[in-house]
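Each protein sequence line maps, in turn, to chains A and P.
Sequential numbering of the first sequence, starting at 6, is according to this note's numbering.
Sequential numbering of the second sequence, starting at 10, is according to this note's numbering.
Heads up, the thing below is written out as structure tokens.
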Amino acid sequence: MRVVLIGFGNLGRGLSRVLIQKASFLRKNHGLIPRVVAAVDEFGAAIDEKGLNLTRLLKVSEKTGTVAAYKGGKRGKLANRVIEEVEAEVVYELTPTNIKTGEPGLTHIKRAMQAGKHVIISNKGPLVVAFRELDSLARRCGVEFRYSASVGGAVPVVGLAKKLLAGNEIREIRGVLNGTTNYILTRMSREGDPFEVVLREAQELGVAEKDPTLDIKGIDTACKITILANSLLGMNARLKDVKIEGITRVRPEAIRLAREAGQTIKLIGVAKHGSLEVGPKLVPLGHPLAVGGTLNAVTFELDLAREISITGFGAGPKETSSSLLGDLIDIHRTLGG
Amino acid sequence: MLVRIVMELEDVPGQLLKALEPISHLGGNIQSIMHQRERKTPLGRVPVMLVFEVSERARLNRILAALRARGVRVTQLGEREGAVRATALLVGHIIHTDIRDTIDRLNALKGVRVFDLSLAMGEPGQESAARMTITADDERRVNLALSNLQRIADRKKLLMITSLEAR
């Protein structure tokens, strides 16, 4: 199966490492031989129809900062041209998220679908801005569209609901969907330190970004809630439909009062028909959503199974590769591989 | 006091009698029994709602223990008065925005009472936090109290954190 990687940052590199590491596993267990025929970053592209040497590609990109330095590589903004011109079955769209415009991912995805290529993405932006449009475009173009890595990182939130729980009506989805804020709340709870101190510590550890606004204001969680509402509840929701409260006002004293009553405070996203909401909530200690550290957790409320909860790592290149690779295998199977 | 419980019984003869015996035996005065066949659980059990009167809490506790001992699953328990409670946290300038006024407004609602209040002061000039427990006679009233509290919190620029289970 020929694969194009658009975006060669943490996720693109993480996925490449996993493809090297799992080559014989994929062949033996799934009869799948992924061949990366092109990799594109913001400075250029590396292309080889016979398949790039991923070890060399990683080395070159780490040393020079771009895949364009690969033998025969080209410089320039080449993503759209590569998507349209390089022959491949699957395009991975792994560029950074822009929640306002969805670009450049949105254009990449549309071009790929129109070129008859299956698309796998990790990028929330396009899904928040244009979920319905992309969903129907994929159908019109007769291509597969997968986005497991966009919500929950390694936690198979979308796949679990769409496949294994397919016989259920989903009444409500609730989740801890942002590892950064969960880390901050967990540390505040354990150490009793104020928000600002813990945030700085999280930034030093690389758990929080330099500009943590999207995380701590609850916007990242709201994006994921929007995606889940659209993909699993069949809604046509936009980010502006989500009522959002972040964690910046949560104080360690409040968490202490919660603990005294057998509860803790978590940033919870809730999606159900008629109400999309993100905000700090009281969660009983020992509840499936009372997870610590950078963990994510999701609870589905269902008509048959009643309640199903899953927990796992919501970020990290290796962990997210689990979802990205799962999507590739899933497409391979869907196509009868 | 008047007590309302919901218990789940197996759908076979004799189960209801098994559950009623300890109640009357231990001094409960049964007032109504309602089968909720339409709400059968996935395991095929039938919820039965029961309202009875007992003189004191200790008696109620003995009844509940007896039911447990007979393997009867009680899924809901409520005293008719102040039967439902909810906890909420408030963060902000709680004292300066007149906590007494906040409490008075809630207590003014029929069948609603601010049952407990714990306060944690922040550093001077910083915001404080409070944990408030509200009791109400039923679910509808407790929800009304919570939405009133939310309106008060919005007006006083307080962050209100409710329970995950609150609807």
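The beta carbon of each residue, even a glycine, is placed where N, CA and C say it ideally should be.
Please read these numbers as outputs of a predicted model, since none were measured by experiment.
In angstroms with no decimal places, state the Cα-to-Cα distance between residue i and residue j.
i	j	result
residue 73 of chain P	residue 130 of chain A	54 Å
residue 41 of chain P	residue 125 of chain P	32 Å
residue 111 of chain A	residue 16 of chain P	53 Å
residue 138 of chain P	residue 123 of chain A	51 Å
residue 164 of chain A	residue 277 of chain A	18 Å
residue 163 of chain P	residue 207 of chain A	30 Å
residue 119 of chain P	residue 110 of chain P	16 Å
residue 44 of chain P	residue 21 of chain P	13 Å
residue 113 of chain A	residue 157 of chain A	23 Å
residue 213 of chain A	residue 259 of chain A	22 Å
residue 322 of chain A	residue 264 of chain A	34 Å
residue 306 of chain A	residue 295 of chain A	17 Å
residue 18 of chain A	residue 11 of chain A	11 Å
residue 196 of chain A	residue 65 of chain P	43 Å
residue 248 of chain A	residue 221 of chain A	15 Å
residue 4 of chain A	residue 78 of chain P	Given a span of 6 to 342 for chain A in the structure shown, any question on residue 4 of chain A remains unanswerable.
residue 167 of chain P	residue 302 of chain A	28 Å
residue 55 of chain A	residue 42 of chain A	7 Å
residue 34 of chain A	residue 330 of chain A	13 Å
residue 14 of chain A	residue 281 of chain A	32 Å
residue 89 of chain A	residue 102 of chain A	22 Å
residue 115 of chain A	residue 68 of chain A	32 Å
residue 92 of chain A	residue 53 of chain A	10 Å
Starting from the C-beta of residue i, find all residues in its chain whose C-beta is less than 7 Å away, skip the five residues before and the five after it, and write them out in chain order.
i	result
residue 5 of chain A	Here chain A covers residues 6 to 342 and nothing more, so residue 5 of chain A does not appear.
residue 97 of chain P	141, 155, 158, 169, 170 and 171
residue 62 of chain A	21, 44, 51, 72 and 75
residue 37 of chain A	6, 31, 334, 337 and 342
residue 82 of chain P	16 and 17
residue 53 of chain P	20
Between the Cα of residue i and those of the options, spot the shortest distance and give me the residue it belongs to.
i	options	result
residue 190 of chain A	A/252, A/6, A/215 and A/56	A/252
residue 180 of chain A	A/227, A/193 and A/56	A/227
residue 284 of chain A	A/183, A/306 and A/157	A/183
residue 76 of chain P	P/131, P/152, P/144 and P/26	P/26
residue 192 of chain P	P/122, P/28 and P/50	Nothing about residue 192 of chain P can be reported from this structure: the residues present for chain P run from 10 to 176 only.
residue 99 of chain P	A/286, A/83, A/34 and A/27	A/286
residue 172 of chain A	A/304, A/309, A/315 and A/14	A/309
residue 304 of chain A	A/275, A/340 and A/13	A/275
residue 218 of chain A	A/313, A/204, A/175 and A/238	A/204
residue 165 of chain P	P/104, P/146 and P/134	P/104
residue 313 of chain A	A/210, A/319, A/292 and A/90	A/292
residue 328 of chain A	A/83, A/289, A/161 and A/34	A/161
residue 174 of chain A	A/231, A/146, A/127 and A/239	A/239
residue 225 of chain A	A/288, A/155 and A/256	A/155
residue 272 of chain A	A/92, A/299, A/65 and A/64	A/299
residue 122 of chain P	P/55, P/31 and P/151	P/151
residue 115 of chain P	P/132, P/14, P/49 and P/145	P/145
residue 144 of chain A	A/70, A/132, A/326 and A/118	A/118
residue 257 of chain A	P/55, P/24, P/132 and P/112	P/132
residue 153 of chain A	A/170, A/267, A/201 and A/128	A/128
Applying the criterion that 16 or more other CB atoms from any shown protein chain within 10 Å of the CB defines a buried residue, is residue i buried or exposed?
i	result
residue 46 of chain A	buried
residue 223 of chain A	buried
residue 39 of chain P	exposed
residue 80 of chain A	exposed
residue 193 of chain A	buried
residue 130 of chain P	exposed
residue 29 of chain A	exposed
residue 147 of chain A	exposed
residue 108 of chain A	exposed
residue 185 of chain A	buried
Leaving aside the five residues before and after residue i along the sequence, list all residues of the same chain whose C-beta is less than 6 Å from its C-beta, in chain order.
i	result
residue 128 of chain P	139
residue 168 of chain A	none
residue 57 of chain P	16, 18 and 44
residue 97 of chain A	10 and 125
residue 137 of chain A	241
residue 326 of chain A	19, 20 and 23
residue 235 of chain A	136 and 242
Any beta carbon from chain D within less than 9 Å of residue i's own beta carbon?
i	result
residue 173 of chain P	Judged by its chain identifiers, the structure shown contains no chain D, and its protein chains are A and P.
Item to check | Residues of the segment 241 to 258 of chain A with Cβ closer than 8 Å to any Cβ of chain P, in chain order | outcome: Listed in chain order, the positions of the segment 241 to 258 of chain A with a beta carbon within less than 8 Å of a beta carbon of chain P are 250, 254, 255, 256 and 258.
Next on the checklist: Can you pull out the residues from the segment 167 to 193 of chain A whose beta carbon lies closer than 8 Å to at least one beta carbon of chain P?
Outcome noted: Only those residues of the segment 167 to 193 of chain A whose C-beta falls short of 8 Å from the nearest C-beta of chain P are listed: 179.
Next on the checklist: Output needed in chain order: residues of the segment 135 to 169 of chain A with a Cβ under 8 Å from some Cβ in chain P.
Outcome noted: Hits within the stretch: zero.
Next on the checklist: Counting only Cβ-Cβ distances shorter than 9 Å, please list the residues of the segment 129 to 156 of chain P near chain A, keeping chain order.
Outcome noted: Under the 9 Å Cβ criterion, the segment 129 to 156 of chain P contributes 129, 130, 131, 132, 135, 136, 137, 138, 139, 140 and 142.
Next on the checklist: Please identify, using Cβ separations under 9 Å, the residues of the segment 257 to 276 of chain A that lie next to chain P, in order along the chain.
Outcome noted: Residues passing the 9 Å Cβ filter: 257, 258, 259, 260, 261, 262, 263, 265, 266, 268, 270, 271, 273 and 275.
Item to check | Residues, ordered as in the chain, of the segment 156 to 170 of chain P that lie near chain A by beta-carbon distance below 8 Å | outcome: Listed in sequence order: 168 and 170.
Checklist entry - Along the segment 313 to 330 of chain A, what residues have a CB closer than 9 Å to any CB found in chain P? => result Sequence-ordered contacts of the segment 313 to 330 of chain A with chain P are nonexistent [C-beta pairs closer than 9 Å].
Checklist entry - Can you list, in chain order, the residues of the segment 73 to 102 of chain P whose Cβ is nearer than 7 Å to any Cβ on chain A? => result If the cut-off is 7 Å between Cβ atoms, the segment 73 to 102 of chain P has 96, 98 and 100 near chain A.
Checklist entry - If contact means a Cβ-Cβ distance below 8 Å, which residues of the segment 279 to 304 of chain A contact chain P? => result Listed by position along the chain: 284, 285, 286, 287, 288, 289, 292 and 294.
Checklist entry - When you check each C-beta in the segment 45 to 62 of chain P against every C-beta of chain A, which residues fall closer than 8 Å? => result Correct list: 51.
Checklist entry - Closer than 9 Å, Cβ to any Cβ of chain P: which residues of the segment 191 to 210 of chain A, in chain order? => result For the segment 191 to 210 of chain A, which is checked against every Cβ of chain P, the residues closer than 9 Å are 199.
Item to check | Contact set between the segment 45 to 77 of chain A and chain P, restricted to residues whose Cβ is under 8 Å from the partner | outcome: Per Cβ criterion, the list is empty.
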